[in-house]
Amino acid sequence: MPKIAVLVLDTPVPTFKETYGDFGDQAIQVLQTSPLSKDFEFVKFKTIDKFEVPAIEDLKAGKYAALYLSGSRCDSFDDSIEWIRKLVLYIKTILQLQVQDPKFKIVLIGVCFGHQIIARAAGLDVGRNPKGWEIGVTKVSSSEKFATDFNCPSFNVVEMHQDIVLSGKLPDSWYLVGSTPIARFQGLYSPGHVITFQGHPEFSTEFGDKLVVKRRDSGVITDEKYREIVRRNKELPNEGSLLAGIIMKIVVGN
4 MPKIAVLVLD TPVPTFKETY GDFGDQAIQV LQTSPLSKDF EFVKFKTIDK FEVPAIEDLK
64 AGKYAALYLS GSRCDSFDDS IEWIRKLVLY IKTILQLQVQ DPKFKIVLIG VCFGHQIIAR
124 AAGLDVGRNP KGWEIGVTKV SSSEKFATDF NCPSFNVVEM HQDIVLSGKL PDSWYLVGST
184 PIARFQGLYS PGHVITFQGH PEFSTEFGDK LVVKRRDSGV ITDEKYREIV RRNKELPNEG
244 SLLAGIIMKI VVGN
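Using this note's numbering, you'd call the opening residue of the sequence shown number 4 and step up by one each time.
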C-alpha cells in the first residue's frame, strides 16, 4: 500500500490535544474524508525539533506517494531555528528532483506554514503580512486556471495566520490557487508535483472557533472583530473536505 508521509511541524495545542490530537492527526482525519484515501497508509513524522523525515532515498524508491507539511505556530522565515533551516533545504532537494528526474513521483502538500515553507524553498519571499491577521472561515476566490481544472470557482477554508507568501515569481508550470483581499497567495499548484493552501482544510469550524477565542483573549483581535469572525464562521460552510478531495485527486492522478 502506498504511503503518505505527514510531517508534524508543531506540538499540539495543550488544551485541545485530547479532543483534536495534533496537526498531523487533523490532517489525516480530513484527508480520510475522501474515498480516494482508502488505498493509502498515512505515516506521521515528528519533524519539529527532532527533524524526523522520510529519507530521500526512500522517496526516490517510490515508498511514498506524497509528503504533507502541516501548519505551525513557528515563523516559516525564522532561520534561528535549526529544524526550519533543515526543512527548507530538504524541500529544495525534493523540488530539484521533481524537475531533474521524470521518474521521481511524489506530491508535496502544504498548509499554512507548510505552504509557506514550500513557497520559500521554491524561491518566493515569505514574511509577516503588513495587513495583519487573517482569521476564521474565509471565502477564497480561485484563480481562473484552478477554477477550471477543479471546477472550483471559490472555496471556504479556516484561516489562522499572520505570515504569508509576500511576493516572487512562480517556477515554470506552477500557478496560483486563489486569493483574498488580505493574502494574494492563497495556495500554489504544480500538476503532479505541488498543491498548497494558505488556509487550514484540516481545521473544523469548531476547532477554529476555539482558536478565535484564544486570539481574542490574548488581545490579537478586538471584541468587535471577534464577533464578526464568529458570525462569518456560522454563515460560511467549511469546505475543508472539498479541498481534501482535490488533494487526494492530485495524489491519485500522479
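Each residue gets a CB set at the ideal place from its N, CA and C atoms; glycine is no exception.
In this structure Y93 touches V56 by the C-beta definition: roughly 6 Å separates them, less than 8 Å. Annotation for T50: L10, V11, L12, V56, W86 and L90 place their beta carbon closer than 7 Å to its own, counting only its chain and skipping 5 residues before and after. With 16 or more other Cβ atoms from the protein chains shown falling within 10 Å of its own Cβ, S79 counts as buried.
DSSP assignment within the region 68 to 123 yields the following whole beta strand (DSSP E) runs of 3 residues or more, N-terminal first: 110 to 114.
Taking every protein chain shown into account, the CB of V110 has 16 or more other CB atoms within 10 angstroms, so this residue is buried. Among the bridge pairs identified by DSSP, N159 is matched with K142. The Cβ-Cβ distance between I198 and I250 falls below 7 Å. Rounded to the nearest angstrom, the Cβ distance from A125 to L98 is 6 Å, consistent with a contact under 8 Å. Secondary-structure assignment with DSSP links A8 through a beta bridge to V46 and L70. In this structure the region 225 to 244 touches the region 156 to 172; the number of beta carbon pairs closer than 8 Å is three or more. When the Cα atoms are used, K47 and A30 turn out to be separated by approximately 10 Å. Boundaries of the alpha helix (DSSP H) around V215: T208 to D220. By a beta-carbon distance limit of 8 Å, F200 contacts V114. Their separation comes to about 5 Å. The C-beta distance from A8 to Y71 rounds to 7 Å, short enough to meet the 8 Å contact threshold.
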